[in-house]
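Chemist: Residue numbers (my numbering): 961 to 1251.
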Ligand SMILES: Nc1nc2c(c(=O)[nH]1)N[C@@H](CN(C=O)c1ccc(C(=O)N[C@@H](CCC(=O)O)C(=O)O)cc1)CN2
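1. Do residue 1121 and residue 1161 have their beta-carbon atoms positioned less than 7 Å apart in this structure?
2. Using DSSP bridges, identify the partner residues of residue 1119.
3. Between residue 994 and residue 1027, is the Cβ-Cβ spacing less than 7 Å?
4. Hey, would you say the C-beta of residue 1232 is under 6 Å away from at least one heavy atom of ligand 1?
5. Do residue 1079 and ligand 1 come close, with the Cβ less than 6 Å from some heavy atom?
6. Specify the secondary structure class of residue 1218 as computed by DSSP and reduced to three states.
7. When you compare only the Cα positions, how much space is there between residue 1022 and residue 1179?
8. In whole angstroms, what is the alpha-carbon distance linking residue 1230 and residue 1074?
9. Examine ligand 1 and report whether any of its heavy atoms sits within less than 6 Å of the Cβ of residue 963.
10. In or out: residue 1242 buried (at least 16 other Cβ within 10 Å) or exposed?
11. At what residues does the beta strand (DSSP E) containing residue 999 begin and finish?
12. Looking at C-alpha atoms only, which residue of 1077, 1158 and 1187 is the closest neighbour of residue 1166?
13. Quick one, are the C-beta atoms of residue 1080 and residue 1098 less than 7 Å apart?
14. Give me the Cα-Cα distance between residue 1171 and residue 1037, rounded to the nearest whole angstrom.
15. CB-CB under 8 Å to residue 1199, same chain, minus the five flanking residues each way: which ones, in chain order?
16. Extract the residue ranges of the alpha helix (DSSP H) inside the stretch 1079–1141, only unbroken runs of 4 or more that lie entirely within it.
17. Can we say the stretch 1090–1105 touches the stretch 1136–1147, given the rule of at least three CB pairs closer than 8 Å?
18. Count the other C-beta atoms from every protein chain shown that fall within 10 angstroms of the C-beta of residue 1189, then say buried if there are 16 or more, exposed otherwise.
19. If the criterion is Cβ atoms closer than 7 Å, does the pair residue 1191 and residue 1210 meet it?
20. According to DSSP, is residue 1024 part of a helix, a strand, or is it coil?
21. In chain order, what residues of the same chain have a beta carbon less than 6 Å from the beta carbon of residue 1025, not counting five sequence neighbours either side?
22. State yes or no: is the C-beta of residue 1032 nearer than 6 Å to some heavy atom of ligand 1?
23. Are residue 1006 and residue 1221 close, meaning C-beta to C-beta below 7 Å?
24. Are the beta-carbon atoms belonging to residue 1240 and residue 977 less than 7 Å from one another?
25. In angstroms with no decimal places, state the Cα-to-Cα distance between residue 1248 and residue 1011.
26. From the DSSP output, read off the bridge partner residues of residue 1052.
27. Thinking residue 1064 and residue 1031 are a contact (beta carbons under 8 Å), I'd like their distance in whole angstroms, please.
28. Spatial neighbours of residue 1169 within its chain, please: CB distance less than 6 Å, with the 5 preceding and 5 following residues excluded, ordered by chain position.
29. Over what stretch of residues does the beta strand (DSSP E) that includes residue 1207 continue unbroken?
30. Please classify residue 1244 as buried or exposed, where buried requires at least 16 neighbouring CB atoms within 10 angstroms.
31. Going by DSSP, name the residue or residues bridged to residue 1077.
And the structure:
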């Protein structure tokens, strides 16, 4: 079993991005600038946004964090988005998800200028991705493709089962892996909460992407030997024995699944850190496209 090490791969990527930033600076070009909007005080969202800001510092980007209270209205948030759209120094920005329930996520994501949409969530970028045109790929699927490529995991002609159909991970992952691309050319099945006899599909899969958000859902009896496992889930599960009061659990039961796997991502240290590295990559791209 080979661990697909997202912590190490993302660190390698950050070194490469930092080198590109140095080159931009020596050429007298603009320093990439990422902004993030956080609405509310959800613990996990605060962790991720802070990690994004720290990653910007590490690679030499400028960053701006716009921290808004939970009760922020949709109108106020839309005004903040317009300010970022109109600010020429900002190359790309993201709105951390999930948003509080009183805010319509689609209205918010559609207000982002697609040229600054480094999350790749705007319908224009989703459409371009679907047509395999240059766009910003959503960071988690982009990170998974990068991990598969860097570890030379064969995907061509393989049967990929994606469990979960979210707009952020499952749906784009299924589109990208069926395309003609490195880490693509696969035959893809999308399974979801209404899928009957899921085990019949997972037992046939060469690659499983578990992105349903149910801790330790995929177990050893559901997979065949030699499978590649990508675990996208990161749930905080209460655990009084831990200093923080919780442990991080993936969607995969690592203990029973890893012995049967050829490749597997751990949680933590797998897909999560790759998400941040690919956001940086998109921001660099946004900055380079401007100049
Ligand atoms: N606007 C966005 N919102 C959300 C996205 C996104 O891509 N754009 N994805 C997720 C959360 N996410 C990034 O925002 C994210 C999740 C996990 C990690 C990560 O590094 N996880 C670590 C563990 C960190 C911890 O201690 O909790 C790991 O897996 O090793 C980074 C980013 C939803 N929202």
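For glycine and all other residues, C-beta sits at the position ideal for the given N, C-alpha and C.
Given the structure is predicted, the values throughout are model-derived calculations rather than measurements.
Modeler: According to the data block:
1. Yes.
2. Residue 1119 is bridged by DSSP to 1147.
3. Residue 994 is not a Cβ neighbour of residue 1027, given a cutoff of 7 Å.
4. Yes, since a heavy atom of ligand 1 falls inside the 6 Å radius drawn around the Cβ of residue 1232.
5. Yes, ligand 1 has a heavy atom inside 6 Å of this Cβ.
6. Three-state result, residue 1218: helix.
7. Residue 1022 and residue 1179: Cα-Cα distance of roughly 43 Å.
8. Distance from the CA of residue 1230 to the CA of residue 1074, rounded to the nearest whole angstrom, comes to 28 Å.
9. Every heavy atom of ligand 1 is 6 Å or more from the Cβ of residue 963, so no.
10. When all chains shown are included, residue 1242 counts as buried.
11. Taken as a continuous stretch (DSSP letters only), the beta strand (DSSP E) holding residue 999 covers 993–999.
12. Put simply, of 1077, 1158 and 1187 the residue whose alpha carbon is nearest the alpha carbon of residue 1166 is 1187.
13. For the 7 Å CB-CB criterion, residue 1080 and residue 1098 form a contact.
14. Their backbone Cα atoms lie some 28 Å apart in a straight line.
15. Only residues of its own chain outside the window of five on either side were considered, and among them 1205, 1206 and 1207 have a CB closer than 8 Å to the CB of residue 1199, listed in chain order.
16. Counting only runs of 4 or more, we get 1083–1090, 1099–1110 and 1130–1138.
17. The stretch 1090–1105, when compared against the stretch 1136–1147, does touch it at the 8 Å Cβ threshold.
18. So residue 1189 ends up on the buried side.
19. Closer than 7 Å, so yes.
20. Residue state, collapsed to three classes: strand.
21. Counting only Cβ-Cβ distances below 6 Å, and skipping sequence neighbours, we find 996 and 1013.
22. No, since every heavy atom of ligand 1 falls outside the 6 Å radius drawn around the Cβ of residue 1032.
23. The beta carbons of residue 1006 and residue 1221 sit no closer together than 7 Å.
24. Against a cut-off of 7 Å, the Cβ pair of residue 977 and residue 1240 comes out as a contact.
25. Taking the Cα positions, residue 1248 is about 23 Å away from residue 1011.
26. In the DSSP output, where bridge partners are listed per residue, residue 1052 has 994.
27. Going by Cβ atoms, the distance from residue 1064 to residue 1031 rounds to 16 Å, so no, they are not a contact pair.
28. These residues qualify, in order along the chain: 1122, 1133 and 1190.
29. Looking at the DSSP string, the run of the beta strand (DSSP E) that includes residue 1207 is 1206–1209.
30. Buried, by the Cβ-count rule.
31. Answer is 1053.
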